[in-house]
Amino acid sequence: MECLFFSDFDQLSNSIILPQDEQKHLKVLRLKDGENIMISNGKGLIALSQVIYKNNEPILVPIEFYPYYGELENHISIAFCQIQARDRLEFLIEKAIELGVAEIIIIHCDFSQKFNLQPERIKNKAISAIKQSHRSILPQIRYEKSLEIFLSKINPNLTPILLDENGDNPLKETIRRDSIVFVGPEGGFSPEEMQIFGSMENLVRWKLGNRRLRTETAAIKAISILSAMFENNV
153 MECLFFSDFD QLSNSIILPQ DEQKHLKVLR LKDGENIMIS NGKGLIALSQ
203 VIYKNNEPIL VPIEFYPYYG ELENHISIAF CQIQARDRLE FLIEKAIELG
253 VAEIIIIHCD FSQKFNLQPE RIKNKAISAI KQSHRSILPQ IRYEKSLEIF
303 LSKINPNLTP ILLDENGDNP LKETIRRDSI VFVGPEGGFS PEEMQIFGSM
353 ENLVRWKLGN RRLRTETAAI KAISILSAMF ENNV
């Protein structure tokens with residue numbers, strides 16, 4: 153079943169009038185009067201709804217609500233350095249959201265590849281990803297000017313996990329809590345940035361394997377493993 157997105161509804165809504173872009177999406181699907189579709193508000197709620205046409209305009213009538221549908225029990229954040237290639241950046245964001253990430257942080261690191269980010273375009277990609285994966289929450293996407301500034305205000309309840317070729321494989325022992333995964337650029341974090349990580353008492357250094365991976369590949373592999381663990385209670 154397909155899924156739409158519209159932020160302005162809740163469990164008290166008796167009907168949902170779609171914005172123009174989602175009306176166009178619905179028309180492309182060619183759903184008939186009385187057929188069902190899902191809709192997410194991005195705030196933790198999905199509604200199974202019936203399509204009703206009035207004067208050839210679609211209205212959704214909620215049948216059943218599903219709070220926090222499609223969400224992991226554990227919180228996963230992903231923080232990575234800015235990627236120059238827009239298609240690779242957007243691919244990473246889409247797949248991270250489809251796999252259940254709750255928060256995405258794009259950091260300008262010392263060795264980051266520079267280009268102008270387009271927050272509105274990135275948000276639209278994120279919305280497409282939650283529609284694809286039937287998620288009820290639209291993850292927050294943040295932009296940070298430096299690693300040092302970001303780490304100074306990191307949520308202390310998150311276990312920081314650094315993807316590190318010199319690290320260990322500590323999955324079953326330590327990575328069972330809400331976590332934030334740090335992925336460096338392809339040239340790695342700078343010596344100064346590694347010193348900052350080294351000062352973190354509860355840092356987990358995680359080696360994904362013996363192959364050298366691109367930023368987006370490493371991030372997706374790490375998220376996939378964590379997501380599978382949390383969903384299957386490995």
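The working numbering runs 152 ahead of the 1-based position in the sequence shown.
A virtual CB, placed ideally from N, CA and C, is assigned to each residue, including glycine.
**OP:** Rounded to whole angstroms, what's the CA-CA distance from Val-386 to Glu-209? Just pull it up for me.
**Re:** Counted from its first residue, the sequence shown places residue 386 at position 234. Counted from its first residue, the sequence shown places residue 209 at position 57. In this prediction, Val-386 has a pLDDT of 46, which is less than 50 and means its spatial position is unreliable; nothing more can be read from the coordinates.
Subject >> Asn-193, buried or exposed, once every other Cβ within 10 Å from all chains shown has been counted against 16 >> reply: Position 41 of the sequence shown holds residue 193. Its Cβ being crowded by 16 or more others within 10 Å, Asn-193 is buried.
**OP:** Just tell me which of Ser-229, Met-153 and Lys-277 has its CA closest to the CA of Glu-246.
**Re:** Position 94 of the sequence shown, counted from the start, is the residue given in the question as residue 246. Of the candidates Ser-229, Met-153 and Lys-277, the one whose C-alpha sits nearest the C-alpha of Glu-246 is Lys-277.
Subject >> Boundaries of the alpha helix (DSSP H) in which Leu-244 is found, first to last residue >> reply: Locating residue 244 in the sequence shown gives position 92, where the first residue counts as 1. Unbroken alpha helix (DSSP H) run through Leu-244: 238 to 250.
Original post:
For Glu-255, does the three-state DSSP call read helix, strand or coil?
Top reply: As a first step, residue 255 must be located in the sequence shown, where it is residue number 103. DSSP places Glu-255 in strand when its eight states are reduced to three.
Subject >> Where Ser-159 sits in the DSSP three-state scheme >> reply: By 1-based counting over the sequence shown, the position of residue 159 is 7. Ser-159 falls in the coil class under three-state DSSP.
**OP:** For the beta strand (DSSP E) containing Lys-206, list its first residue and its last residue.
**Re:** Translated into the one-based positions of the sequence shown, residue 206 becomes position 54. Residues 197 to 206.
Original post:
Who pairs with Arg-182 in a beta bridge, going by DSSP?
Top reply: For the purposes of this step, residue 182 is taken as the residue at position 30 of the sequence shown. The partner list for Arg-182 (beta bridge, DSSP) is empty, contrary to what the question assumes.
Original post:
Run through DSSP, which three-state label would Val-386 get?
Top reply: By one-based count along the sequence shown, residue 386 stands at place 234. Unreliable positioning characterises Val-386 in this predicted model, as indicated by a pLDDT of 46, which lies under 50. A coordinate reading is not provided.
Subject >> the segment 368 to 383 contacting the segment 212 to 226, beta-carbon criterion three pairs below 8 angstroms >> reply: yes
Original post:
Within this structure, are the beta carbons of Phe-136 and Leu-365 separated by less than 8 angstroms?
Top reply: Since the first and last residues shown for the chain are 153 and 386, residue 136 lies out of range.
Original post:
Asn-188 bridges to which residues according to DSSP?
Top reply: Taking the first residue of the sequence shown as position 1, residue 188 is located at position 36. Bridge partners of Asn-188: Gln-202.
Original post:
Does any residue of chain B bring its CB to less than 8 angstroms from the CB of Gln-347?
Top reply: Considering every chain present, this structure includes no chain B. It has just one protein chain.
**OP:** Give the range of the alpha helix (DSSP H) segment to which Ser-285 is assigned.
**Re:** Within the sequence shown, the letter at position 133 stands for residue 285. Run containing Ser-285: 271 to 285, per the alpha helix (DSSP H) assignment.
**OP:** Using three-state DSSP, classify Gln-292 as helix, strand or coil.
**Re:** For this step, residue 292 is matched to residue 140 along the sequence shown. Reduced to three states, the DSSP call for Gln-292 is strand.
**OP:** Have a look at Ser-351, Lys-275 and Ala-248 and flag the residue whose alpha-carbon is nearest the alpha-carbon of Ile-377.
**Re:** Within the sequence shown, numbered from 1, the residue matching residue 377 stands at position 225. Ile-377 has its Cα closest to that of Ala-248, out of Ser-351, Lys-275 and Ala-248.
Subject >> Check: Asn-226 C-beta below 7 angstroms from any heavy atom of the ligand GTP >> reply: Ligands in the displayed structure: none, and consequently the ligand GTP is not present.
Subject >> Same chain, Cβ closer than 7 angstroms to Leu-360, neighbours up to 5 away in sequence not counted >> reply: As a position in the sequence shown, residue 360 is number 208, starting the count at 1. Same-chain partners within the cutoff: Leu-315, Ala-370, Lys-373 and Ala-374.
**OP:** Hey, could you find the ends of the beta strand (DSSP E) Ile-306 is sitting in?
**Re:** Here the question's residue 306 lines up with position 154 in the sequence shown. Careful: Ile-306 lies outside any beta strand (DSSP E) and carries neither H nor E.
**OP:** Name the one or two DSSP bridge partners that Leu-314 has.
**Re:** Numbered from 1 along the sequence shown, position 162 holds the residue referred to as residue 314. Beta-bridge pairing links Leu-314 to Phe-334 and Arg-357.
Original post:
Is there contact here, the segment 249 to 265 with the segment 289 to 298, by at least three beta-carbon pairs under 8 angstroms?
Top reply: yes
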